[in-house]
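This report concerns only the one structure given below.
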Amino acid sequence: MTASCTLCGKPVVPNTKAAHRSISFDVCDSCVSRVSGASGYAALLDAIDAPVLLMQGNPRQVVTANRMALELFGKKPEQVEAHRGGEVFDCVHSFTEAGCGKDANCEHCKIRIAIVDTFTSANSHQGVSTELSIKKADGTRTYALQVSTEKLGDLALVRIERYE
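Quick note on numbering that gives the first Met the number 0: the sequence shown kicks off at 0 and runs consecutively.
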């Protein structure tokens, strides 16, 4: 069975997809290769039927997020863009003086490790699970998180599969 690209509608043949395409698999190779600029990223992210962050490697910050991610976190674009992932998730360690990714508690964070590995090796990661202490207006509680990562040029996609 052949699926259709969610951007252009052309057939996406499953056996021609790159193995590392664990997030953008519903978008054809041609559309993925043409993605550039804010409008292209927005179209690609919104074509993915899950909350997704698009991150840059250095500094490791969110470039943008799709509509589903903004709704999940209850945030506006300016509250996620140019922020570190832990700041978007509201991880308690992002509120320390060192900050997200730099706090001593971040050293063994499975999500940080997967994202860094995706940037350095171009390896995708699927179903990376962990628990984070999340700070909300009504206090701090533990959330179960699960994410997948995929390299996209110099950037990386982070799909949030679980945040509860």
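Ideal Cβ placement from N, Cα and C applies to all residues, glycine included.
Under the rule that 16 or more other beta-carbon atoms within 10 Å means buried, what is Glu130, buried or exposed?
-> So Glu130 ends up on the exposed side.
Residues of its chain near Ala121, where Cβ-Cβ distance is below 6 Å and the 5 sequence neighbours each way are ignored | Lys150
Which value, in whole angstroms, describes the spacing of the CA atoms of Ala136 and Gly98?
-> 19 Å
Apart from the five residues on each side of it in sequence, which residues of its chain come closer than 8 Å, Cβ to Cβ, to Lys75?
-> Leu69
How many angstroms separate the CA atom of Ala2 from the CA atom of Ser147?
-> 21 Å
Looking at Ile159 and Ala49, is the spacing between their C-beta atoms short of 8 Å?
-> yes
Can you tell me whether DSSP reads Ala64 as helix, strand or coil?
-> strand
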